[in-house]
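Inspection log for the structure reproduced underneath, given as structure tokens.
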Amino acid sequence: MTTLGAALVVGVLYGSIIWGVLPGQPGVSWEAHLFGAIAGAVAAVLVRTHVHAPRLGGVDLE
1 MTTLGAALVV
11 GVLYGSIIWG
21 VLPGQPGVSW
31 EAHLFGAIAG
41 AVAAVLVRTH
51 VHAPRLGGVD
61 LE
């Protein structure tokens with residue numbers, strides 16, 4: 001329950017950031033922001049590396 005509460009608090013506090021990212025002024029293309037976000041997500045998937053948790057005393061932490 002604590003994790004859910006923390007997630008709700010973070011969601012409420014940081015949820016309004018999306019309105020700062022999306023342009024609200026006339027003449028500013030929201031499509032450019034959308035495709036930039038899509039391109040960033042695709043680039044992140046393409047260059048990601050798999051990081052494994054270190055072993056502690058011979059026990060796999062995953």
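Here our numbering is used: the first residue of the sequence shown is 1, the next is one more, and so on.
Cβ coordinates follow ideal geometry from the N, Cα and C atoms, glycine included.
Check: Thr3 - containing alpha helix (DSSP H), residue span; Outcome: 2-14
Check: Terminal residues of the alpha helix (DSSP H) in which Leu56 lies; Outcome: Per DSSP, Leu56 belongs to no alpha helix (DSSP H) and is neither H nor E.
Check: Distance between Tyr14 and Leu8 (C-alpha atoms, nearest Å); Outcome: 10 Å
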